[in-house]
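J.: This is the structure I want to talk about, given as structure tokens.
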Amino acid sequence: MDTVQAVAILSTALVLALVLELVRRRRLVERYALLWMVTAVAMLILALLRDDVLDPIADLLGIASPVNLLFLAGFAVIFVVVLNFTVAISRLSEETKILAQEVGRLEQELRAARGELPGPNGADAAAGSAAEQVERGERG
Amino acid sequence: MATSIDGSRLRKLAIVPAYNEAGMVGRVIRDIRRAAPDFDIVVIDDGSTDATRQEAEAEGAVVIRHPFNLGIGGAVQSGYKYALRGGYDVAVQVDGDGQHKPAHLHDLLAALQTSGEPDMVYGSRFRGDPGYQVPLGRRIGNLIFSVVLSAITRQRITDPTSGFRMTNRRGIELFARDYPHDYPEVEALLMLHAHRLRVHEVHVQMNARGFGRSSIDYPRSAYYMVKVLLALFVGLFRRRPTPVEATGEDEPGVEPPAGPPGAANGDSQAAGDPAGSPVGGGEPRAEG
Numbered sequence: 001m002d003t004v005q006a007v008a009i010l011s012t013a014l015v016l017a018l019v020l021e022l023v024r025r026r027r028l029v030e031r032y033a034l035l036w037m038v039t040a041v042a043m044l045i046l047a048l049l050r051d052d053v054l055d056p057i058a059d060l061l062g063i064a065s066p067v068n069l070l071f072l073a074g075f076a077v078i079f080v081v082v083l084n085f086t087v088a089i090s091r092l093s094e095e096t097k098i099l100a101q102e103v104g105r106l107e108q109e110l111r112a113a114r115g116e117l118p119g120p121n122g123a124d125a126a127a128g129s130a131a132e133q134v135e136r137g138e139r140g
Numbered sequence: 141m142a143t144s145i146d147g148s149r150l151r152k153l154a155i156v157p158a159y160n161e162a163g164m165v166g167r168v169i170r171d172i173r174r175a176a177p178d179f180d181i182v183v184i185d186d187g188s189t190d191a192t193r194q195e196a197e198a199e200g201a202v203v204i205r206h207p208f209n210l211g212i213g214g215a216v217q218s219g220y221k222y223a224l225r226g227g228y229d230v231a232v233q234v235d236g237d238g239q240h241k242p243a244h245l246h247d248l249l250a251a252l253q254t255s256g257e258p259d260m261v262y263g264s265r266f267r268g269d270p271g272y273q274v275p276l277g278r279r280i281g282n283l284i285f286s287v288v289l290s291a292i293t294r295q296r297i298t299d300p301t302s303g304f305r306m307t308n309r310r311g312i313e314l315f316a317r318d319y320p321h322d323y324p325e326v327e328a329l330l331m332l333h334a335h336r337l338r339v340h341e342v343h344v345q346m347n348a349r350g351f352g353r354s355s356i357d358y359p360r361s362a363y364y365m366v367k368v369l370l371a372l373f374v375g376l377f378r379r380r381p382t383p384v385e386a387t388g389e390d391e392p393g394v395e396p397p398a399g400p401p402g403a404a405n406g407d408s409q410a411a412g413d414p415a416g417s418p419v420g421g422g423e424p425r426a427e428g
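From first to last, the protein sequence lines stand for chains L and Y.
Note that this note's numbering numbers the first sequence so that position 131 is 131, with each residue one more than the last.
Note that this note's numbering numbers the second sequence so that position 128 is 268, with each residue one more than the last.
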């Protein structure tokens with residue numbers, strides 16, 4: 001075992017330990033935990049079984065230095081994970097937007113229903129239509 | 141059209157998106173009241189940190205306040221959702237920074253009801269005198285979008301970034317369900333086109349944008365250009381649920397016959413959508 005392999009094994013083992021710890025503390029949702037654990041385990045296997053797995057695959061792909069396959073695999077996984085996150089963030093921001101709009105709506109309807117809306121000049125029409133909004137909203 | 145639209149019977153809503161527009165929004169509301177008293181007003185306070193809401197409520201407007209800032213797209217959509225819930229027939233966007241002149245509201249309304257019954261009418265600065273000195277960068281950006289959009293929609297669109305727009309129920313239903321995010325005006329035009337809703341342009345003059353919300357400054361204008369062009373490109377291929385089946389056969393923009401008051405809401409929805417399903421199974425449109 002040379003230095004490169006030792007470093008690879010050590011670092012992948014650390015990643016695995018970190019993921020397990022995060023899961024244990026429930027800081028990571030299962031869905032992502034599984035993803036990271038599979039990644040960490042796969043990389044650990046690659047690093048451990050260097051002669052049987054890593055080198056032949058590297059050879060097959062025409063990668064001169066097998067450790068680069070490790071990096072390549074790591075990069076590919078991270079790419080997919082980050083892409084996955086971007087999708088999740090997009091969905092979350094859409095959901096957040098809808099929530100904010102709904103909060104605004106509910107607050108307005110609540111205040112209108114409680115008659116809390118101040119209305120000095122010309123507010124009668126607005127207050128009337130607001131009450132109507134609530135009514136229509138409930139029916140629709 | 142067989143069913144003529146009685147303008148006075150329509151329920152009309154002015155949507156005023158406002159972000160930190162205290163000192164301005166009150167004047168906008170008063171101007172709308174004076175120029176177009178037949179419009180209800182809803183102010184969307186998009187998470188302002190100043191007295192925007194108090195000022196708007198003091199003027200008697202309905203205020204929907206977002207707990208945090210969503211940006212102009214989210215704010216405007218909130219207004220369209222309100223319009224849909226309230227059963228409004230017509231909704232118009234009037235910026236809370238005073239850029240849009242409420243005096244034009246009835247020009248827009250007249251165009252919405254006559255000029256071939258479009259689904260959306262918007263005020264263009266560039267069909268004549270814009271009313272103020274439009275910055276050069278803004279003009280160039282506008283020109284590029286104008287060329288691209290005109291090519292896509294095969295219709296002359298001179299001011300695609302104008303947010304001064306008035307829609308009928310079809311437009312309200314579409315925008316309440318789906319509205320673009322960051323710089324929505326240009327993309328919204330594309331959405332209308334994708335859903336086969338018709339757009340008509342009316343010349344208006346505008347005021348120079350109030351300094352409150354300069355949504356586009358120079359460092360960001362390049363980003364804006366790229367983002368919107370990308371959005372246009374993506375939008376061409378995006379699958380969107382079709383809220384309104386706008387085929388050529390059925391009569392677009394037909395208003396429900398004047399029935400008992402209160403029943404208008406459900407009726408017009410049924411009239412606009414013979415299939416009875418508001419979401420058309422994710423099929424965006426028949427691509428040629």
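Glycine residues also receive a C-beta, built at the ideal position from the N, C-alpha and C atoms.
Bear in mind that the values here come from a model prediction, so they are computed numbers and not experimental data.
Grouping DSSP H, G and I as helix and E and B as strand, with all else coil, what is ASP55 of chain L?
T.: Here ASP55 of chain L sits in helix by DSSP.
J.: Note down, in chain order, every chain Y residue with its Cβ under 9 Å from the Cβ of ARG105 of chain L.
T.: Correct list: ILE204, SER218, LYS221, TYR222, ARG225.
J.: Pull up the distance between the alpha-carbon of GLY227 of chain Y and that of ARG317 of chain Y, whole angstroms please.
T.: Looking at the two C-alpha atoms, the distance is approximately 15 Å.
J.: What's the gap between the Cα of ALA6 of chain L and the Cα of LEU44 of chain L?
T.: Their Cα atoms are separated by approximately 11 Å.
J.: Let me know the secondary structure DSSP gives PRO258 of chain Y once reduced to three states.
T.: PRO258 of chain Y: coil per DSSP, three-state reduction.
J.: Enumerate in chain order the residues of its own chain whose CB-to-CB distance from LEU48 of chain L is below 8 Å, with the five nearest sequence positions on each side excluded.
T.: So the qualifying residues of the chain are ILE9.
J.: Answer with yes or no whether the minimum CB distance from LEU249 of chain Y to chain L is below 7 Å.
T.: Not closer than 7 Å to any Cβ of chain L, the Cβ of LEU249 of chain Y fails to qualify, so no.
J.: Quick check: what's the CA-CA separation for VAL53 of chain L versus VAL77 of chain L?
T.: Near 18 Å, if we compare the C-alpha coordinates of VAL77 of chain L and VAL53 of chain L.
J.: Taking GLN108 of chain L as the query, report the chain Y residues whose CB atoms sit under 8 Å from its CB, ordered along the chain.
T.: Within chain Y, the residues near GLN108 of chain L are VAL202, VAL203, ILE204, ARG205.
J.: Let me know the secondary structure DSSP gives GLU107 of chain L once reduced to three states.
T.: Helix, per DSSP.
J.: Just how far apart, CA to CA, sit ARG50 of chain L and ALA40 of chain L?
T.: Whole-angstrom Cα-Cα distance: 15 Å.
J.: Would you list the residues sitting across from ARG305 of chain Y in a DSSP beta bridge?
T.: Answer is Y:TYR262.
J.: Using alpha carbons as the reference points, say which of Y:GLY238, Y:ARG338, Y:ILE169 lies closest to ARG296 of chain Y.
T.: The option with the nearest alpha carbon to ARG296 of chain Y is Y:ARG338.
J.: Taking the continuous beta strand (DSSP E) assigned at ARG205 of chain Y, which residues delimit it?
T.: ARG205 of chain Y -> beta strand (DSSP E) spans 202 to 205.
J.: Would GLN101 of chain L pass as an interface residue toward chain Y - the criterion being a Cβ-Cβ separation below 7 Å?
T.: Yes, contact with chain Y.
J.: Nearest-angstrom Cα distance between GLN345 of chain Y and ASP269 of chain Y?
T.: Taking the straight line from one Cα to the other gives about 7 Å.
J.: According to the Cβ coordinates, are VAL183 of chain Y and ALA196 of chain Y closer than 7 Å?
T.: Closer than 7 Å, so yes.
J.: Does the separation of the CB atoms of TYR363 of chain Y and GLY213 of chain Y fall below 7 Å?
T.: No; because the gap between Cβ atoms is not below 7 Å, this pair is not in contact.
J.: Quick one, which residues of the segment 38 to 72 of chain L are near chain Y if we go by CB-CB under 8 Å, in chain order?
T.: Per Cβ criterion, the list is empty.
J.: According to DSSP, is VAL344 of chain Y part of a helix, a strand, or is it coil?
T.: If DSSP states are grouped into helix, strand and coil, VAL344 of chain Y belongs with coil.
J.: If I follow the unbroken alpha helix (DSSP H) through ILE184 of chain Y, where does it start and stop?
T.: Segment 179 to 185 is the beta strand (DSSP E) holding ILE184 of chain Y; no alpha helix (DSSP H) there.
J.: Put PRO300 of chain Y into one of helix, strand or coil per three-state DSSP.
T.: Looking at PRO300 of chain Y - three-state DSSP - the assignment turns out to be coil, as it is neither helix nor strand.
J.: Who does VAL339 of chain Y pair with in a DSSP beta bridge?
T.: Partner(s): Y:MET260.
J.: Determine the chain L residues that contact PHE208 of chain Y at a beta-carbon separation under 7 Å, and present them in chain order.
T.: Residues of chain L passing the Cβ test: ALA100.
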